[in-house]
Every structure is written in structure tokens, then in C-alpha cells.
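Quick notes on the structure that follows.
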Amino acid sequence: MSLMKEFKEFAVKGNAFDMAVGIIIGGAFGKIVSSLVNDVIMPPIGRLLGNVDFTGLFFNLGATSYETLAAAKKAGAPTLNYGNFIQTVIDFLIIAFAIFMMIKGLNAMRKKEEEEAPAEPTKPSEEVLLLQEIRDSLKK
Numbered sequence: 015m016s017l018m019k020e021f022k023e024f025a026v027k028g029n030a031f032d033m034a035v036g037i038i039i040g041g042a043f044g045k046i047v048s049s050l051v052n053d054v055i056m057p058p059i060g061r062l063l064g065n066v067d068f069t070g071l072f073f074n075l076g077a078t079s080y081e082t083l084a085a086a087k088k089a090g091a092p093t094l095n096y097g098n099f100i101q102t103v104i105d106f107l108i109i110a111f112a113i114f115m116m117i118k119g120l121n122a123m124r125k126k127e128e129e130e131a132p133a134e135p136t137k138p139s140e141e142v143l144l145l146q147e148i149r150d151s152l153k154k
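Each residue of the sequence shown is one higher than the one before, counting from 15 in our numbering.
Below you can see the structure in the form of C-alpha cells.
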């Protein structure tokens, strides 16, 4: 089978399209969560902690002292930007919780559908079928 034919079969399957849609929606969802964290959640937390801007928190690894992270970056100084890390961890936690809740909801819907669906009668085993054939032939 040629490589192009295999690729065509893969690309036109529904799973590939579903995956592409999921990736696109996931990217947009990530932007929404980042905005939620950066613009809604972190400012009040920073205010409660004494007007701290988490994105500006850093350790200067160089010899020269800098007032802000922007000034240190502009000078090309080595810095450890732990404030950005804190925000990224909060982003991750919110995204992970949202995905957990979505999966939990989907599983609950599936379980409900399975409970509502009538159960198929179990098929008799081969031995039982054979015994029924013998019984039927003896009746004749």
C-alpha cells in the first residue's frame, strides 16, 4: 500500500477530524483560561497579598541589581522568573479541573444512557444450544 493511500485513509477517518477539532478548541480554551487567570484571578490575589504582581516576581542571577523583571530582561541579565511559573501552574490547575469536570459529566451521561438502554438477553452457550437440538430431535 502506498504511503499516500495510507495517509488518505487516515485523514478521511472521523477520528482524525475529531482530533483536529479537539486540538483547535483546546487551544482556544487555553487562551480563555490564561486570560481568566491573568486578568481575573491573579489581580485580586495580588491585591490581597500587598499589591503583588506575580508576573514581576523574579530572582536576579546576575551581579547587577534591577528594579523590575522588564529592566533585567532589557539588560539581558539572567533571571529566575518564579512569578510566571506560579501563574502557569494556576493555569494548569484550572484547565485540569475543567477537563476533569467535563470528563466526569460525559461519563455520567454515558452511564445514564447505559442504564436506560434495555439489556440484551444473554445468548445461550454452545453446550446449551447443542442440548436444545438434541431435545428437539428426540421430540420428533
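By construction, the Cβ of each residue, glycine as well, lies at the ideal position given by its N, Cα and C atoms.
- Message: Just verifying my parser: in three-state terms, what is the DSSP assignment at residue 72?
- Response: coil
- Could you tell me the distance, in whole angstroms, from the CA atom of residue 109 to the CA atom of residue 142? 53 Å
- Item | Close-in-space but distant-in-sequence residues of the same chain around residue 95 (CB under 7 Å, 5 per side omitted) | So the qualifying residues of the chain are 72, 83.
- residue 14 burial status per 10 Å Cβ neighbour count (16 or more: buried): Residue 14 is absent from the structure shown; the chain starts at 15 and stops at 154.
- Task: Measure the alpha-carbon distance for residue 24 versus residue 60 and round it to whole angstroms.
- Result: Here the C-alpha atom of residue 24 lies approximately 49 Å from the C-alpha atom of residue 60.
- Straight-line CA distance for residue 122 to residue 16? The alpha-carbon atoms of residue 122 and residue 16 are separated by roughly 43 Å.
- So who's on the other strand from residue 102, going by DSSP bridges? Paired residue(s): none; residue 102 is not in a bridge.
- Message: Assuming contact is defined by CB atoms lying nearer than 8 Å, are residue 91 and residue 102 in contact in what I supplied?
- Response: no
- Is residue 117 buried or exposed, if buried means 16 or more other CB atoms sit within 10 Å of its CB? Exposed is the call here.
- Message: Measuring only the C-alpha atoms, how far is residue 89 from residue 74?
- Response: 12 Å
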